[in-house]
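**Student:**
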Amino acid sequence: MAGLANKTSQTKIHFTPAISNSPPDRGTPPSNEGTGSRGDCLTTQNTLPLTTLVGSPNLKLTVKEHPTFWIYIPYTQKEANEGEFSLQDGDAEILRTRFKLPSTPGIISMTLPSTASPLVIGKEYRWYLDINCSSPRSSSESPTPASLTGLVQRVSISSQLQQELNAAKTPLEKISTYAENGIWIEALTELAQLRLREPQNLQLRNIWVELLSAKDVGLAKIAQEPILGLMTITNSFIE
Numbered sequence: 592m593a594g595l596a597n598k599t600s601q602t603k604i605h606f607t608p609a610i611s612n613s614p615p616d617r618g619t620p621p622s623n624e625g626t627g628s629r630g631d632c633l634t635t636q637n638t639l640p641l642t643t644l645v646g647s648p649n650l651k652l653t654v655k656e657h658p659t660f661w662i663y664i665p666y667t668q669k670e671a672n673e674g675e676f677s678l679q680d681g682d683a684e685i686l687r688t689r690f691k692l693p694s695t696p697g698i699i700s701m702t703l704p705s706t707a708s709p710l711v712i713g714k715e716y717r718w719y720l721d722i723n724c725s726s727p728r729s730s731s732e733s734p735t736p737a738s739l740t741g742l743v744q745r746v747s748i749s750s751q752l753q754q755e756l757n758a759a760k761t762p763l764e765k766i767s768t769y770a771e772n773g774i775w776i777e778a779l780t781e782l783a784q785l786r787l788r789e790p791q792n793l794q795l796r797n798i799w800v801e802l803l804s805a806k807d808v809g810l811a812k813i814a815q816e817p818i819l820g821l822m823t824i825t826n827s828f829i830e
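For any residue, its number in our numbering is found by taking its place in the sequence shown, counting from 1, and adding 591.
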């Protein structure tokens, strides 16, 4: 666990992946970038791929009952009709939601609704995101992956971590505490929310870029992309 000192003037967030005790995953291995398992969307040659900011073994931990998922979507309403997000507990699907794509490419978020069952501490869940693609606009466009999968696991807040969070004097200190303890989803979510509240803050922008570009994170490709925020859910099915 991280110490309480040296957090009064936080200018850089250091992420330390937690050691995973999860059994080997026998499903589709999580990857930051998309796969084409549900069909391809057509975009221009220089388009960045569909990319998840959460869900790989290093980036799956949360302390929330209803965490927030962050995804870079290169497609717009012109390339795809809608997206679909689902959450599974083993073979059982516990949530499926649909959402409209943004009008411009960027990093979007989706929070599990409070009406869904809370994540159980210690249990590992798998989520899927699929983009329902429109017809190609021209023969010069090429297919890019249109599906993602990832993991999410809720962990408890230890007494030491709670002490560190209580001792944080600023939002960045709290974010740093989450990051240093491997709680990626809350570190990312709270930093993204800070950036959305202060879009012109260069310090927050630089911290974000450094954090996403870190070796244990591996998201340098999309670190400069705009954060669009929460997507509107158009339909939701909950078991």
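A virtual CB, placed ideally from N, CA and C, is assigned to each residue, including glycine.
Per DSSP, which residues does phenylalanine 660 bridge with? Please list them.
**Tutor:** Met701
**Student:** Do you know whose CA, among Ile774, Met701, Val746, Ala737, lies nearest glutamate 715's CA?
**Tutor:** Val746
**Student:** With DSSP run on the structure shown, which of helix, strand or coil describes glutamine 753?
**Tutor:** For glutamine 753, the secondary structure class from DSSP, reduced to helix, strand or coil, is helix.
**Student:** Serine 719 lies in the beta strand (DSSP E); which residues open and close that run?
**Tutor:** Reading the sequence as shown, one finds tyrosine at residue 719 and not serine. That run of the beta strand (DSSP E) goes 715–724.
**Student:** Going along the chain, which residues of its own chain have a beta-carbon closer than 6 Å to the beta-carbon of glutamine 679, five neighbours each way excluded?
**Tutor:** Arg717
**Student:** Ignoring anything shorter than 4 residues, give me the alpha helix (DSSP H) runs that lie fully in the segment 763–789, in order along the chain.
**Tutor:** 775–788
**Student:** Quick check: what's the CA-CA separation for tyrosine 719 versus serine 677?
**Tutor:** 5 Å
**Student:** Would the beta-carbon of glutamate 801 be found less than 6 Å away from any heavy atom of the ligand ATP?
**Tutor:** Ligands in the displayed structure: none, and consequently the ligand ATP is not present.
**Student:** Helix, strand or coil: how does DSSP classify alanine 759 here?
**Tutor:** coil
**Student:** Where does glycine 809 land, buried or exposed, given buried means 16+ other C-beta within 10 angstroms?
**Tutor:** Answer is exposed; the Cβ neighbour count stays below 16.
**Student:** At what residues does the beta strand (DSSP E) containing glutamate 684 begin and finish?
**Tutor:** 683–690
**Student:** Cα separation between serine 647 and glutamine 744?
**Tutor:** 11 Å
**Student:** By Cβ distance, which residues of its chain are closer than 6 Å to leucine 803, with the 5 residues on each side in sequence left out?
**Tutor:** Leu810, Ala814
**Student:** How about isoleucine 722 and alanine 737: are their beta carbons less than 7 Å apart?
**Tutor:** The answer is yes: Cβ separation under 7 Å.
**Student:** If we ignore side chains and look at the alpha-carbon of each, how far apart do leucine 710 and tyrosine 663 end up?
**Tutor:** 24 Å
**Student:** Would you tell me roughly how many angstroms separate the C-alpha atoms of alanine 758 and glutamine 751, rounded to the nearest one?
**Tutor:** Going from the Cα of alanine 758 to the Cα of glutamine 751 covers about 11 Å.
**Student:** Shortest alpha-carbon distance to isoleucine 776 belongs to which of Tyr666, Ser700, Val800, Gln754?
**Tutor:** Ser700
**Student:** Check the DSSP bridge columns for leucine 678 and list the partner residues they point to.
**Tutor:** Leu686, Trp718
**Student:** Apart from the five residues just before and just after glutamate 675, which ones in its own chain have a Cβ nearer than 6 Å to its Cβ?
**Tutor:** Arg689, Asp721
**Student:** According to DSSP, is glutamine 668 helix, strand or coil?
**Tutor:** In this structure, glutamine 668 counts as coil in the three-state DSSP scheme.
**Student:** With serine 804 as the anchor, note down where its alpha helix (DSSP H) starts and where it stops.
**Tutor:** Serine 804: member of the alpha helix (DSSP H) spanning 793–804, first to last residue.
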